[in-house]
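Participant: Please find one structure pasted underneath; my questions will follow.
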Amino acid sequence: MSEAANRPTIAVLDYGIGNLRSAQKALIVSGADAILTNDAGIVAAADGVVLPGVGAFGACMNALRTSGLEPLVHDVVDAETPFMGICVGMQMLFEGSDESPDVDGLGILSGRIRWLSESVKRPQMQWNQIAVSVEAADRSSPMASAMLDGLDGEWAYFVHSLAAELSDDTVATVDYGGTVTAAVARDRVFATQFHPEKSATAGLSLLSRFVDFCASPKQSELTANTI
Amino acid sequence: MRVVRVIPCLDVADGRVVKGINFVDLRDAGDPVELAAVYNAQGADELVFLDIGASHEERDTTVAMAAAVAERVFIPFTIGGGIRSVADARKLLRAGADKVSINSAAVERPDLVSEIASEFGSQCCVVAIDGRRATSNGSTSDGSNVDDSSPGGPRSGFEVYTHGGRRPTGLDVVEWASQVVDLGAGEILLTSMDRDGTREGFDHAMTRAVSDAVSVPVIASGGVGGVEHLAPGVVDGGADAVLAASIFHFGEASIADAKASLTDAGLIVRPVDQS
């Protein structure tokens, strides 16, 4: 856990959707100075950024666009600020979703969000056991390696009816009517379909690794150089 | 794979847990935050808080309770009781509740389900249904509320009740469940008012009828008198989650005991040592 003096500032993007308080509180107990914000200055200066999201893909994208935060998301990802998406906050990183076919996603990651198999109950509303993909972990970024450390075999809480199609960015999966994307990673973007802020100790551990990565000295230097 | 959830239910009034809780040394057995933390530590998969007071003055207390729980306990929790509007739901969800459960208010105005689902998403919209078996000659009511299309009583043999199981509605449990799912409910909390408090186990026939009829998860509730009653709710009733109150609160069983009994029946649960 980070020293109090070394608590990184993490901006939790507040665009008027659902329960953001849990994500903020979980990051705080994980060692961050977590701020719910839609302020461009705070977001740009943050050591890390979290994009939460619950509800429908289209509603979340529209709210994000209306809030004016969409360009900011691209800016911080381009600046290689450690970035974490949660649930629909992960789904929005992709090009689009079959849930809201007329709404474009952020397009930061390639691929689409697809409905879960009709052979299982939708939503998947349960805990499920994470399997980290070994090949993906091998080729992934330092951030992904840090985040995936200890995640394999852990249990996390899922609430979703759609998921990202499997791709080169898939780093963890669960079994639910087939192999379903649980986490994706590329460069300094890491995102989970599950809710770490609702996954008890396992989830808090993952958030602590994110907070530690945001706080690492190397990270501070890189951020300083970028700015 | 289906992973069965074990959900303790806590009755609250005026922001305090009511009814006896005596399973562990607590500084304050009425403190919802402390109890939630204990159940979390035991390995509970979710929590349900049912606000049984739910007068208008108490609503703000319940919102404050949701905020306090969300600050300390990092598993999903649902708050039910007295939610009558989108504004009521918004306050609780913004405070940190993951889901809200509506019951009588949905019967009185079904559009409330679609309003909450479209505003916040189906995943946070639980509809609680209290059902009873209709008597052999039809509804247990005088029949005045029964839909013309089913003059002999509810088609499935199970009727929706409100107001704590006292007021018959004439609605068929299975048809009502299907209707609220069409309106956007993301989960059904199904309580047998015949079994509630009897400690005889869930009403498996009613649970099976509903879980076969809807695409969303069903929580079985009402009648658990021991951990041996939990697995049949899933195996025979087809439920996705099991809810119980007294066996946990009175220390008769731990969450670990509950999960062991489910595992013994061949079901999959989140191991308790993970929490």
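Going down the list, the protein sequences come from chains A and B.
The numbers in the numbering used here rise by one with no breaks, and the one at position 211 of the first sequence is 211.
The numbers in the numbering used here rise by one with no breaks, and the one at position 115 of the second sequence is 1115.
Idealized CB from N, CA, C, for every residue including glycine.
Hey, how far is the Cα of proline 82 of chain A from the Cα of leucine 148 of chain A?
Facilitator: Spanning the two alpha carbons is a distance of roughly 14 Å.
Participant: Whole angstroms is fine: what's the gap from alanine 1095 of chain B's alpha carbon to alanine 1070 of chain B's?
Facilitator: One C-alpha to the other measures close to 8 Å.
Participant: In three-state DSSP terms, what is glycine 89 of chain A?
Facilitator: Here glycine 89 of chain A sits in helix by DSSP.
Participant: How would you label tryptophan 127 of chain A, buried or exposed, when you count the other beta carbons within 10 angstroms and need 16 or more for buried?
Facilitator: It counts as buried.
Participant: Using a Cβ-Cβ distance under 7 Å, would serine 30 of chain A count as near chain B?
Facilitator: False, the Cβ-Cβ gap to chain B never drops below 7 Å.
Participant: Can you tell me whether DSSP reads phenylalanine 57 of chain A as helix, strand or coil?
Facilitator: Three-state result, phenylalanine 57 of chain A: helix.
Participant: Counting only Cβ-Cβ distances shorter than 7 Å, please list the residues of the stretch 119-139 of chain A near chain B, keeping chain order.
Facilitator: Flagged, chain order: Lys121, Arg122, Pro123, Met125, Gln126, Trp127, Asn128.
Participant: Name the chain B residues that come within less than 7 Å of glutamate 197 of chain A, Cβ to Cβ?
Facilitator: Within 7 Å Cβ-Cβ: Phe1074.
Participant: Considering only C-alpha positions, which residue in the set A:Glu80, A:Leu116, A:Val50 is nearest to methionine 92 of chain A?
Facilitator: For methionine 92 of chain A, the nearest C-alpha among the options comes from A:Val50.
Participant: What does the Cβ neighbour count give for arginine 1166 of chain B, buried or exposed, with the cut at 16 atoms within 10 Å?
Facilitator: Exposed: under 16 other Cβ atoms inside 10 Å.
Participant: Do we get a CB-CB distance below 7 Å when we pair methionine 1065 of chain B with the residues of chain A?
Facilitator: Chain A, which has no Cβ nearer than 7 Å to the Cβ of methionine 1065 of chain B, makes this no.
Participant: Looking only at its chain, what residues have a beta carbon closer than 8 Å to the beta carbon of tyrosine 1161 of chain B, apart from the 5 residues adjacent to it on each side?
Facilitator: For tyrosine 1161 of chain B, where only same-chain residues beyond five positions count, the Cβ hits under 8 Å are Asp1130, Gly1131, Arg1132, Arg1167, Pro1168, Thr1169, Met1193.
Participant: Inspect the CB distances between the stretch 1210-1223 of chain B and the stretch 97-112 of chain A and report whether three or more fall short of 8 Å.
Facilitator: With the cut-off at 8 Å, the stretch 1210-1223 of chain B and the stretch 97-112 of chain A do not touch.
Participant: Please report whether the beta-carbon of asparagine 19 of chain A lies at a distance below 7 Å from any beta-carbon of chain B.
Facilitator: With 7 Å as the cut-off, asparagine 19 of chain A counts as an interface residue toward chain B.
Participant: Using only the alpha-carbon positions, how far apart do aspartate 1088 of chain B and glutamine 193 of chain A sit?
Facilitator: Cα-Cα distance, rounded: 28 Å.
Participant: By the criterion of Cβ-Cβ separation under 7 Å, what are the contact partners of serine 208 of chain A in chain B?
Facilitator: Going along chain B, no residue has its Cβ under 7 Å from serine 208 of chain A, so there is no contact; the nearest lies around 12 Å.
Participant: Which of the three DSSP states is assigned to glutamine 24 of chain A in this structure?
Facilitator: Note: glutamine 24 of chain A maps to helix in three-state DSSP.
Participant: Using a Cβ cut-off of 7 Å (strictly closer), state whether aspartate 1142 of chain B contacts chain A.
Facilitator: Residue placement at aspartate 1142 of chain B cannot be trusted, given a pLDDT of 44 that sits under 50; what the coordinates show is reported in the next sentence. Answer no: the Cβ-Cβ gap between aspartate 1142 of chain B and chain A never drops below 7 Å.
Participant: Could you name each continuous beta strand (DSSP E) segment of 3 residues or more that falls completely within the stretch 183-213 of chain A, going from the start of the chain to the end?
Facilitator: If we require 3 residues or more, the beta strand (DSSP E) runs fully inside the stretch 183-213 of chain A come out as 189-192.
Participant: So what's serine 1246 of chain B in DSSP terms, helix, strand or just coil?
Facilitator: DSSP places serine 1246 of chain B in helix when its eight states are reduced to three.
Participant: Across which residues does DSSP place isoleucine 1129 of chain B in a beta bridge pair?
Facilitator: B:Leu1190.
Participant: When the Cβ atoms of the stretch 161-170 of chain A are set against those of the stretch 195-214 of chain A, are three or more pairs found closer than 8 Å?
Facilitator: No, the stretch 161-170 of chain A does not touch the stretch 195-214 of chain A.
Participant: Give me, in chain order, the residues of the same chain whose beta-carbon lies closer than 8 Å to that of glycine 120 of chain A; leave out the 5 immediate sequence neighbours on both sides.
Facilitator: The residue you asked about is not glycine; residue 120 of chain A is valine in the sequence shown. Cβ neighbours of valine 120 of chain A beyond the five flanking positions: Tyr176, Gly177.
Participant: Can you name the residues of chain B whose CB is closer than 8 Å to the CB of tyrosine 176 of chain A?
Facilitator: Near tyrosine 176 of chain A (Cβ distances below 8 Å), the residues of chain B are Met1001.
Participant: Residues of chain B with CB under 8 Å from valine 54 of chain A, in chain order?
Facilitator: By Cβ distance, chain B contributes Phe1120, Gly1121, Gln1123, Cys1124.
Participant: Against serine 22 of chain A, what residues of chain B qualify as contacts under a CB-to-CB distance less than 8 Å, listed in chain order?
Facilitator: Residues of chain B passing the Cβ test: Ala1070, Phe1074, Gly1096, Asp1098.
Participant: Closer than 8 Å by C-beta to aspartate 33 of chain A: which residues in its own chain qualify, once you throw out the five before and the five after it? Chain order, please.
Facilitator: Correct list, in chain order: Arg7, Pro8, Thr9, Ile10.
Participant: Mind pulling the chain A residues with CB within less than 7 Å of glutamate 1187 of chain B?
Facilitator: The answer, in chain order, is Met125.
Participant: Identify the continuous alpha helix (DSSP H) that holds glycine 1080 of chain B and give its terminal residues.
Facilitator: Glycine 1080 of chain B -> not in any alpha helix (DSSP H); beta strand (DSSP E) instead, spanning 1077-1080.
Participant: State the Cα-Cα distance for the pair serine 1246 of chain B and aspartate 102 of chain A, rounded to the nearest angstrom.
Facilitator: Cα to Cα, serine 1246 of chain B sits roughly 49 Å from aspartate 102 of chain A.
Participant: For the putative contact between valine 1127 of chain B and alanine 1185 of chain B, defined by C-beta atoms under 8 Å, what is the C-beta separation to the nearest angstrom?
Facilitator: Between alanine 1185 of chain B and valine 1127 of chain B the Cβ distance is about 4 Å, and since that is below 8 Å, they are a contact.
Participant: Does the stretch 1253-1270 of chain B come into contact with the stretch 1031-1051 of chain B, if we say contact requires no fewer than three beta-carbon pairs (one atom in each stretch) closer than 8 Å?
Facilitator: A contact exists between the stretch 1253-1270 of chain B and the stretch 1031-1051 of chain B.
Participant: According to DSSP, simplified to helix, strand and coil, what is phenylalanine 1202 of chain B?
Facilitator: Correct three-state label for phenylalanine 1202 of chain B: coil.
Participant: Consider the Cβ of tryptophan 115 of chain A: report whether some Cβ of chain B lies at a distance smaller than 7 Å.
Facilitator: Tryptophan 115 of chain A does not count as touching chain B.
Participant: May I ask you to list, following chain order, the residues of the stretch 1207-1240 of chain B that have a beta carbon less than 7 Å from some beta carbon of chain A?
Facilitator: Hits within the stretch, in order: Ser1215, Val1216, Pro1217, Asp1240.
Participant: Buried or exposed for glycine 1237 of chain B, going by 16 or more other Cβ atoms inside 10 Å?
Facilitator: So glycine 1237 of chain B ends up on the buried side.
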